[in-house]
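Chemist: As given, the protein sequences belong to chains A and B, one line each in that order.
Residue numbers for the first sequence follow the numbering used here, so the first one is 1 and each next one is one higher.
Residue numbers for the second sequence follow the numbering used here, so the first one is 1 and each next one is one higher.
No residue lacks a Cβ here, since even glycine has one placed at the ideal position from N, Cα and C.
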Amino acid sequence: MPPAIIVDDVSKKFARSLKRGMIYGLTDMARMALIPRHWRSEGFDARMQDETSPIPNPAPRIPHPASRTTLRPTEFWALRNVSFTVEQGETLALLGANGAGKSTLFSVLSGIYAPTLGQVSFRGRLQALIALGAGFHPALTGRENLYINAAILGMREKEVNAIYDSILDFAGIGPFIDAPIRNYSSGMLVRLAFSVAIHLDPDVLLIDEVLAVGDAAFQMKCARFTRELSNSGKTIVVVSHNMLIIQMMCQRAIWLEKGQIRAEGDTHVITRDYQKHMLAQSAGGDLKTTTSSRSTPAAILGTRWLNEDGAPCEKLAWGKRHTLEIEVEVREDIGCARLWVTISAIGKEGGVMGASMYDDGHYVKLSKGQHCLSVTWESIPLADNNTFQVTAGMRDWSGHVVLCDSYASPQFEIEPHGSMCTQETTSPPAMPTQSPLVTGPYRWNGGSDTLIRSIRDYE
Amino acid sequence: MKHDRITTYHASGLDRLSLRAWKSMFAELWEYRELIQRLVARNVAGQFRQSFLGYVWIILPPIATTIVFTMLQRARIMNIDMGASEMPYAIFALLGATFWQFFTQVVQMATNSISGAGALVTKIYFPREVLVFSAIGNAAVNVSIRLVVVALTFLLLAYPPHPACLLFLLLMIPMMMLGVGVGMLMAPVNTMMNDVGRMMEFAFQFGMFLAPTVYPTPDITHASSAWQVGLYWLHQINPVSHYLYALHELVQHGTLTFTPGLQASIILSVTMFFIGWRFFHAIEPLLAERV
Numbered sequence: 001m002p003p004a005i006i007v008d009d010v011s012k013k014f015a016r017s018l019k020r021g022m023i024y025g026l027t028d029m030a031r032m033a034l035i036p037r038h039w040r041s042e043g044f045d046a047r048m049q050d051e052t053s054p055i056p057n058p059a060p061r062i063p064h065p066a067s068r069t070t071l072r073p074t075e076f077w078a079l080r081n082v083s084f085t086v087e088q089g090e091t092l093a094l095l096g097a098n099g100a101g102k103s104t105l106f107s108v109l110s111g112i113y114a115p116t117l118g119q120v121s122f123r124g125r126l127q128a129l130i131a132l133g134a135g136f137h138p139a140l141t142g143r144e145n146l147y148i149n150a151a152i153l154g155m156r157e158k159e160v161n162a163i164y165d166s167i168l169d170f171a172g173i174g175p176f177i178d179a180p181i182r183n184y185s186s187g188m189l190v191r192l193a194f195s196v197a198i199h200l201d202p203d204v205l206l207i208d209e210v211l212a213v214g215d216a217a218f219q220m221k222c223a224r225f226t227r228e229l230s231n232s233g234k235t236i237v238v239v240s241h242n243m244l245i246i247q248m249m250c251q252r253a254i255w256l257e258k259g260q261i262r263a264e265g266d267t268h269v270i271t272r273d274y275q276k277h278m279l280a281q282s283a284g285g286d287l288k289t290t291t292s293s294r295s296t297p298a299a300i301l302g303t304r305w306l307n308e309d310g311a312p313c314e315k316l317a318w319g320k321r322h323t324l325e326i327e328v329e330v331r332e333d334i335g336c337a338r339l340w341v342t343i344s345a346i347g348k349e350g351g352v353m354g355a356s357m358y359d360d361g362h363y364v365k366l367s368k369g370q371h372c373l374s375v376t377w378e379s380i381p382l383a384d385n386n387t388f389q390v391t392a393g394m395r396d397w398s399g400h401v402v403l404c405d406s407y408a409s410p411q412f413e414i415e416p417h418g419s420m421c422t423q424e425t426t427s428p429p430a431m432p433t434q435s436p437l438v439t440g441p442y443r444w445n446g447g448s449d450t451l452i453r454s455i456r457d458y459e
Numbered sequence: 001m002k003h004d005r006i007t008t009y010h011a012s013g014l015d016r017l018s019l020r021a022w023k024s025m026f027a028e029l030w031e032y033r034e035l036i037q038r039l040v041a042r043n044v045a046g047q048f049r050q051s052f053l054g055y056v057w058i059i060l061p062p063i064a065t066t067i068v069f070t071m072l073q074r075a076r077i078m079n080i081d082m083g084a085s086e087m088p089y090a091i092f093a094l095l096g097a098t099f100w101q102f103f104t105q106v107v108q109m110a111t112n113s114i115s116g117a118g119a120l121v122t123k124i125y126f127p128r129e130v131l132v133f134s135a136i137g138n139a140a141v142n143v144s145i146r147l148v149v150v151a152l153t154f155l156l157l158a159y160p161p162h163p164a165c166l167l168f169l170l171l172m173i174p175m176m177m178l179g180v181g182v183g184m185l186m187a188p189v190n191t192m193m194n195d196v197g198r199m200m201e202f203a204f205q206f207g208m209f210l211a212p213t214v215y216p217t218p219d220i221t222h223a224s225s226a227w228q229v230g231l232y233w234l235h236q237i238n239p240v241s242h243y244l245y246a247l248h249e250l251v252q253h254g255t256l257t258f259t260p261g262l263q264a265s266i267i268l269s270v271t272m273f274f275i276g277w278r279f280f281h282a283i284e285p286l287l288a289e290r291v
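1. Would you tell me roughly how many angstroms separate the C-alpha atoms of Pro-429(A) and Gly-319(A), rounded to the nearest one?
2. Taking the alpha helix (DSSP H) that Ala-119(B) belongs to, which residues open and close that run?
3. Just to confirm the assignment, what range does the beta strand (DSSP E) spanning Lys-258(A) have?
4. Mind listing, in chain order, the continuous alpha helix (DSSP H) runs of no fewer than 4 residues lying wholly within the stretch 116–190 of chain B?
5. Under the DSSP definition of a beta bridge, which residues are partnered with Val-390(A)?
6. Alpha carbons only, please: which of Ala-21(B), Val-44(B), Ser-85(B) and Thr-8(B) is nearest the one belonging to His-137(A)?
7. DSSP on Cys-372(A), reduced to helix/strand/coil?
8. Considering only DSSP beta bridges, list what Glu-264(A) is partnered with.
9. Note down the Cα distance separating Ile-266(B) from Leu-244(B), rounded to an integer number of angstroms.
10. Closer than 9 Å, Cβ to Cβ, to anything on chain A: give me those residues from the stretch 65–93 of chain B, in chain order.
11. Report the partner residues of Ser-121(A) according to the DSSP bridge assignment.
12. Do you know how far the Cα of Ala-110(B) is from the Cα of Pro-188(B)?
13. Could you confirm whether any beta carbon from chain A is found closer than 7 Å to the beta carbon of Gly-276(B)?
14. Use the C-beta contact count for Asn-183(A): other C-beta atoms within 10 angstroms, 16 or more gives buried, fewer gives exposed.
15. Gln-127(A) bridges to which residues according to DSSP?
16. How should Leu-403(A) be labelled, buried or exposed, when 16 other C-beta atoms within 10 angstroms of its C-beta is the threshold for buried?
17. Taking 7 Å as the threshold (beta carbon to beta carbon), is Leu-38(B) in contact with chain A?
18. Give the C-beta separation of Gly-361(A) and Thr-342(A) to the nearest angstrom, bearing in mind that I take them to be a contact with Cβ-Cβ under 8 Å.
19. Please report the straight-line C-alpha distance between Ser-134(B) and Arg-262(A), rounded to a whole angstrom.
20. Straight-line CA distance for Leu-126(A) to Phe-26(B)?
21. Spell out a yes or no on whether the stretch 100–115 of chain B and the stretch 3–11 of chain B are touching, meaning 3 or more CB-CB pairs, one atom from each, closer than 8 Å.
22. Using three-state DSSP, classify Met-243(A) as helix, strand or coil.
23. For Tyr-274(A), which residues of its own chain have a beta-carbon under 7 Å away from its beta-carbon, when the five flanking residues on both sides are left out?
24. Would you mind telling me which residues of chain B sit closer than 9 Å to Arg-456(A), beta carbon to beta carbon, in chain order?
25. Checking the sheet assignment: what are the DSSP bridge partners for Ala-15(A)?
26. Around the Cβ of Ser-110(A), are there at least 16 other Cβ atoms within 10 angstroms (buried) or fewer (exposed)?
27. Taking Cβ positions, are Met-184(B) and Val-132(B) nearer each other than 7 Å?
28. Who are the Cβ neighbours of Thr-271(B) in its own chain at under 7 Å, not counting the five residues just before and after it?
29. How is the beta strand (DSSP E) around His-362(A) delimited, first residue to last?
30. Just checking: is the beta-carbon of His-199(A) within a distance shorter than 7 Å of some beta-carbon in chain B?
31. For Ala-193(A) and chain B, any beta-carbon pair shorter than 7 Å?
32. Name, going along the chain, the residues of the stretch 148–159 of chain A whose beta-carbon falls closer than 8 Å to a beta-carbon of chain B.
33. Is the beta carbon of Arg-395(A) sitting closer than 7 Å to the one on Arg-456(A)?
34. Going along the chain, which unbroken runs of the alpha helix (DSSP H) with 4 or more residues stay wholly within the stretch 153–186 of chain A?
35. Any beta carbon of chain A sitting closer than 7 Å to that of Arg-290(B)?
36. So, does the CB of Ile-136(B) fall closer than 7 Å to a CB anywhere in chain A?
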């Protein structure tokens, strides 16, 4: 199949200084007005039609006459010679520190900035979730804003009418739809905006950290929806600082650094290298204080499952309450540690169930010594047709600094439950292979000495 | 947008000084007509939702101007010679204020349309002309509301205008085109230097007194000073003056004389519109970077 996105040797420069930017802007404007060029085209592009020769028609390397390719004082390359393709139905992750060029790349793909050099092409309708809530007017009601937002995103009124109920349903803001949106909570605003955005039926979706907003239930809904979109053949590019989300959602990752591609490949490899790199960078800062800088400040020693009665168990029972105890050794005091746990099915990609302090907004303060943290699920919705494994890890507040190596537990199984189920629920819903991460209600517990706190309290 | 349509954004492409550019400009305008409508409706509806007087704010400026100048005239603080015109001064001032302020609004709203929509422009691509045209739509809605007041004033002062004065609605088109053209030249510059917006505001505030808005153009056949001659020529070079002359003539006599001044104004207006639009369209990709 021909690719869905081709980014072909794209460079983009900006000016750091406002005053100079003003002058450059005016001169560029004058040059551009004198030599107008065509920068946006729709329709045929040989490279995206013909799958046998992916790039028979390389982008013209002639820069726009208005945009000089040499840097003037205070200018810098926000993107430099970036090239990659995204296949249809692929979910690609973009990694990089702040200012690496991820958002600029998204803006170029959305057509907000014209590239200084090179070109981008994509097939179908592209929807960037950086554009959430574009055109919202605070004094107007949710309903009015919904129509305006949809129109800005390129939808006709008729199309909106057809999916109106579905949008409302997904947003789940009830009677607030007729209230002016200035009375909305920020979460409700995002729900409405996100709901409109995903109902546009985009072929290419650019997601930029938006999944980090909204409450846990809505996030879950979004994650599931994104997974469904991906399964139905949509092409998705994700920017996130949450490695867990990236590992769950994406097969391939691109690591951008200072506007250039530093590495590209399998998500697990790239995220690992990226995290190592980030850790090495931050090692100059707060983590350097003690002992050997190579070793992590903590380690997960082991995990074990407890059943409803609090007794250790080898097999889990479907639908029953279980607690996972995590034994942690802390080598130096940690002001803010955040845990995540993923349960994955052996032989399947991605997690099927999990708990993460990044999602529920908690952290723990850990003093030197051994601790036992736990997480309790009210119900375990895993089917007995698989063997599972727990992976756990701990990072700092930002998710960038790894506090301990991730831990993988021995494998475990789910008890065949036929005997304990009544007739009406003959079998538990089997997890689909590419199922979304189930995050049923769960609770962290730090034991007597450790308090689970809300990240909002962390300074 | 169709699902198999391929969109490309490139640094360089085919030259489009050709007619193709115009074709795509009109096509885009047509494609996005619904969005323009929505944005106009949004702004009109959103504008006064949180105000008590609401739409009264739209009609207030010309009425206030008219009342102030009529007072000054009646109190003989100002002694405006209405010349041969039989038009009541209040009507004269109201017409002048209404249409001058219409022109002002067109230019100013167009100029500020891009810089005022920074959040939108940096988030999503759509032809930026949409913002300018929806600003114009807004100005047009405002002037229609004001025209109702003008009509009521005609009734109130028992001064029936010649029915042919409705022809002026046609002349408002080139007048608007002039405003949009200027606005489209200014809007991109305004995104980089907001001096432009301020300058415009300043220029229009004083420009009102240098155009036949609240007093008629001095008659230079018996000019008593060089100042009068200077003022006369200031009026003459202002294209808006010629639209106002035509308006006064239509209201009083129901005739429309295409004086050389009016012809030149119309030609200038239409040319300005196309130059402004073309300029705007050519530099469109620069807009988001500088907002």
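Modeler: Short version:
1. Residue confidence for Pro-429(A) is low, a pLDDT of 41 falling below 50, so the modelled location carries little weight; the figure read from the coordinates is stated next. Distance between the alpha carbons of Pro-429(A) and Gly-319(A): 11 Å.
2. 118–121
3. Counting along the chain, Lys-258(A) falls outside any beta strand (DSSP E), and DSSP gives it neither H nor E.
4. 118–121 and 129–156
5. Ile-343(A)
6. Of Ala-21(B), Val-44(B), Ser-85(B) and Thr-8(B), the residue nearest in Cα terms is Val-44(B).
7. Residue state for Cys-372(A) is assigned as strand, using DSSP reduced to three classes.
8. In the DSSP assignment, Glu-264(A) forms a beta bridge with Ile-254(A).
9. 13 Å
10. none
11. Ile-6(A) and Thr-8(B)
12. In this structure, the straight-line span from the alpha carbon of Pro-188(B) to that of Ala-110(B) is close to 10 Å.
13. no
14. exposed
15. Among the bridge pairs identified by DSSP, Gln-127(A) is matched with Leu-205(A).
16. buried
17. Inspection of the sequence shows that residue 38(B) is occupied by Arg rather than by Leu. Taking Cβ atoms only, chain A reaches closer than 7 Å to Arg-38(B), which makes this a yes.
18. Not a contact, Cβ separation roughly 18 Å.
19. Arg-262(A) has its alpha-carbon roughly 44 Å from the corresponding atom of Ser-134(B).
20. 23 Å
21. no
22. helix
23. Leu-95 and Trp-255
24. Simply none; closest approach about 26 Å.
25. Glu-75(A)
26. buried
27. yes
28. none
29. Counted as a single uninterrupted DSSP element, the beta strand (DSSP E) harbouring His-362(A) occupies residues 362–366.
30. no
31. no
32. Across the stretch 148–159 of chain A, CB contacts with chain B closer than 8 Å involve Ile-148, Ala-151, Ile-152, Leu-153, Gly-154, Arg-156 and Glu-157, in sequence order along the chain.
33. no
34. With a minimum length of 4 residues, the continuous alpha helix (DSSP H) runs that stay inside the stretch 153–186 of chain A are 157–171.
35. Cβ-Cβ to chain A under 7 Å: yes for Arg-290(B).
36. no
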